[in-house]
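**Q** Residue numbers (this note's numbering): 1 to 248.
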Ligand SMILES: [Zn+2]
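#1: Buried or exposed for residue 26, going by 16 or more other Cβ atoms inside 10 Å?
#2: Below 8 Å between beta carbons: does that hold for residue 176 and residue 118?
#3: Quick check: does the Cβ of residue 144 come within less than 7 Å of any heavy atom belonging to ligand 1?
#4: Would you mind working out which of 187, 166, 191 and 29 sits nearest residue 178, comparing C-alpha positions?
#5: Going straight from the alpha carbon of residue 202 to that of residue 172, what length do you get?
#6: Grouping DSSP H, G and I as helix and E and B as strand, with all else coil, what is residue 125?
#7: Spell out the partners DSSP gives residue 67 in its beta bridges.
#8: So the candidates are 213, 230 and 108; which of them puts its Cα closest to the Cα of residue 147?
#9: Tell me whether residue 141, by its Cβ, gets closer than 7 Å to a heavy atom of ligand 1.
#10: Select from 223, 38 and 62 the residue whose C-alpha is nearest the C-alpha of residue 81.
#11: Would you give the residue range spanned by the beta strand (DSSP E) that residue 23 belongs to?
#12: Candidates 205, 127 and 73: which alpha carbon is nearest residue 116's?
#13: Going by DSSP, which residues form a beta bridge with residue 75?
#14: Would DSSP call residue 219 helix, strand or coil?
#15: Assuming residue 247 and residue 56 form a contact by the criterion Cβ under 8 Å, report the distance between their Cβ atoms to the nearest whole angstrom.
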């Protein structure tokens with residue numbers, strides 16, 4: 001698993017250049033995660049990400065970033081602790097559920113890193129909405145999916161990270177037999193919807209460059225028609241929302 005840690009760091013470094021964000025100690029109880037926790041601590045991964053974020057954004061409050069053993073494959077923002085936690089179990093989940101879609105271990109490592117970095121920026125999005133008191137209409141879950149995609153699409157190889165993350169949502173939808181009634185009431189869009197949204201934003205960021213997404217049937221033509229204007233709106237909106245908080 002060492003390689004995905006390095007890839008995750010590279011993608012983040014590519015997406016953003018360097019206060020407010022601080023690294024909190026990794027939380028781990030089980031023996032099985034100790035080695036991974038040690039690798040992550042030694043890699044300086046979160047420290048590098050915090051430095052990059054602090055270089056771009058001016059934030060008065062402290063926002064913690066940590067890896068944790070959570071007991072479930074998840075990632076979350078705790079508004080009371082002002083802390084983003086990403087779970088070791090989520091990495092495992094990705095390896096288990098995305099393996100069939102990739103031919104080699106290297107491709108799978110890349111895809112896990114991509115999916116993970118997307119979720120990381122999604123949670124940082126919740127943190128920014130909270131501490132910067134950003135106005136959001138519609139569902140915040142959709143808005144921070146947009147933010148994560150927007151950050152990544154601005155960085156080197158970030159497009160592939162968004163597509164890998166899209167695939168992770170597709171894999172999640174495939175692993176369930178049917179949609180549970182509660183999912184319709186959930187604050188998140190359905191996994192299939194998140195898949196199509198993310199593919200749409202990648203395509204919309206550069207329709208000529210990503211025409212193959214249409215040819216390979218990743219995106220129905222009816223949705224594709226509006227993706228360029230949809231992504232342009234995301235770009236305008238998040239640029240304005242963060243403008244007062246970006247360092248000159
Ligand atoms: Zn969320």
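A virtual CB, placed ideally from N, CA and C, is assigned to each residue, including glycine.
Given the structure is predicted, the values throughout are model-derived calculations rather than measurements.
**A** For this structure:
#1: Buried, because 16 or more other Cβ atoms sit within 10 Å of the Cβ of residue 26.
#2: Going by C-beta atoms, residue 176 is not nearer than 8 Å to residue 118.
#3: At least one heavy atom of ligand 1 lies closer than 7 Å to the C-beta of residue 144.
#4: Ranked by how close their Cα comes to the Cα of residue 178, the residues 187, 166, 191 and 29 have 191 in first place.
#5: When rounded, the distance between both Cα atoms is 20 Å.
#6: Of the three classes helix, strand and coil, the one that applies to residue 125 here is helix, per DSSP.
#7: Per DSSP, 86.
#8: That would be 230, whose Cα lies nearest to the Cα of residue 147.
#9: Correct: residue 141 has its Cβ closer than 7 Å to ligand 1.
#10: Of the candidates 223, 38 and 62, the one whose C-alpha sits nearest the C-alpha of residue 81 is 62.
#11: Here the beta strand (DSSP E) through residue 23 covers 21-23.
#12: Nearest of 205, 127 and 73 to residue 116, Cα basis: 73.
#13: According to DSSP, residue 75 shares a beta bridge with 86.
#14: Note: residue 219 maps to coil in three-state DSSP.
#15: About 6 Å separates the Cβ atoms of residue 247 and residue 56, confirming a contact at the 8 Å cut-off.
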